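J.: One structure, as structure tokens, below. Some questions next.
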Amino acid sequence: MSRVMWKGAVSFGLLHAPVSLHPASQQDEIDFDWLRRGSLQPVGYKRVVKETGEEVGKEDIVKAVKYEGRYVVLSDEEIRSANVKSTHTIDILGFTDAEDVNFLFFEAPYYLAPDKGGEKVYALLREALLKTKKIGIALIVMHNKQHLAALIAMPHALVLNTLRWATEVRSPDDLDLPGEGQKSVALKPKELQMATQLINNMSEDWQPEQYKDTFRDDIMALVRRKFEEGHAEEITEVEPQYPEEAATGEDLAELLRRSLQGSAHRHAAPKAVPPAARKAAHARVRASKTAH
């Protein structure tokens, strides 16, 4: 059973659907421990008073906001009571086309599940979003912070994806970027044609399970090798291997030509999944969830 992170209701016009929020992603990374060089003693994080270095217990830490040169302390209950509605409601402000929301704004995904009594409104909103091909733009308060969010419909679930505020997305204007259009860097029509062909040759259906964290695998292989060789506590210096220099304009066409030759062998056209098979797969997923 997944962990419930938040409980409240989706507000959709005059309709309300009681829902719970569940993480839709998880960390799958190597947990590097911090150790002191030599003794290999674990090094942890400490909560300390900045001025004195004195350690402070978690129970002795309070939240405060600096206001006109002084701190105003607020308890969790006071923070929640400041706006009761916002802390218990996913308030849909409006709807928009999904492609209109720049991917730079998307932050973290969560599954929404209906609570008792909210199933019909939940399903109604899900099906209406699928039919109109729209996403909802909403506000939600989690962990004492208000988030902008997108409410996105999948065939079997509603997903809430937190969004960055406009002030949190930096503009690329201060970067030294090539100008728009192929004339800005004198791209040749043949080069653009070959690059387009290479992209088409390497295009395939999105199947996330086929991609693996090869860096993690290589790190764990190195860990196992050092352990089996009896070097579990040894720190070694390794000569770094850097990638080759980027291609220059002079050899761009030749590199594209060789890339096209390689892509023809490595990327065969993927087989399309028949609609009936996709429906059967979705039915199996729904059946397994019902069984649990």
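Under numbering that gives the first Met the number 0, the residues of the sequence shown are numbered 0 to 291, in order. Ideal Cβ positions, reconstructed from N, Cα and C, are used throughout, including at glycine. Predicted model, so just to flag it, every value in this text is computed and none were measured.
1. Three-state secondary structure (DSSP) at Pro-154?
2. Which parts of the region 149-227 are runs of the alpha helix (DSSP H), unbroken and 4 residues or longer, counting only runs that do not cross its ends?
3. Does the beta-carbon of Ala-8 have 16 or more other beta-carbons within 10 angstroms, so that it is buried, or is it exposed?
4. Could you tell me whether the Cβ atoms of Glu-106 and Leu-162 are closer together than 8 Å?
5. Determine contact between the region 164-175 and the region 113-126, defined as no fewer than three beta-carbon pairs at a distance below 8 Å.
6. If I measure Cβ to Cβ from Val-140 and keep anything under 7 Å in the same chain, skipping five residues before and after, which residues do I get?
7. Please classify Ile-134 as buried or exposed, where buried requires at least 16 neighbouring CB atoms within 10 angstroms.
8. How should Phe-226 be labelled, buried or exposed, when 16 other C-beta atoms within 10 angstroms of its C-beta is the threshold for buried?
9. Assuming Tyr-44 is part of the alpha helix (DSSP H), what are its boundary residues?
10. Quick one: residues in its chain with C-beta nearer than 7 Å to the C-beta of Gly-93, no 5 flanking neighbours on either side, listed in chain order?
11. Check whether the region 32-41 touches the region 149-163, taking contact to mean three or more Cβ pairs, one atom from each stretch, closer than 8 Å.
12. Looking only at DSSP bridge pairs, what is Trp-5 linked to?
13. Excluding the 5 residues preceding and the 5 following Ala-263 in the sequence, name in chain order all residues of the same chain whose CB lies nearer than 8 Å to its CB.
14. Determine the burial state of Val-18: buried for a count of at least 16 other Cβ atoms within 10 Å of its Cβ, exposed for fewer.
15. Could you give the residue range of the alpha helix (DSSP H) that holds Glu-58?
16. Which runs of the beta strand (DSSP E) fall wholly inside the region 71-141 and span at least 3 residues, in chain order?
17. Taking the alpha carbon of Glu-54 as the point to measure from, which residue in Trp-164, Ala-63, Tyr-44 has its own alpha carbon closest?
18. Do you know how far the Cα of Ile-89 is from the Cα of Leu-14?
19. Going by other Cβ atoms of all chains shown within 10 Å of its Cβ, with 16 needed for buried, is Ala-268 buried or exposed?
20. DSSP state of Ser-10, grouped into three classes?
21. Mapping DSSP to helix, strand and coil, what is Leu-39?
T.: This is what the structure holds:
1. DSSP, reduced to helix, strand and coil, places Pro-154 outside both helices and strands of the structure shown, so it counts as coil.
2. 188-200, 213-227
3. buried
4. yes
5. no
6. Ser-85, Thr-86
7. Buried, by the Cβ-count rule.
8. Around the beta carbon of Phe-226, fewer than 16 other beta carbons sit within 10 angstroms, so the residue counts as exposed.
9. Careful: Tyr-44 lies outside any alpha helix (DSSP H) and carries neither H nor E.
10. Ile-136
11. no
12. Leu-20
13. Within its own chain, the residues whose Cβ lies closer than 8 Å to the Cβ of Ala-263, once the five positions on either side in sequence are excluded, are Asn-200, listed in chain order.
14. buried
15. Unbroken run through Glu-58: none, as it is neither H nor E.
16. 88-96, 105-113, 133-141
17. Tyr-44
18. Straight-line Cα distance between these residues: approximately 12 Å.
19. The pLDDT assigned to Ala-268 is 48, lower than 50, so where the model puts this residue is not dependable, and the model offers no usable value.
20. DSSP, read as helix, strand or coil, puts Ser-10 in strand.
21. coil
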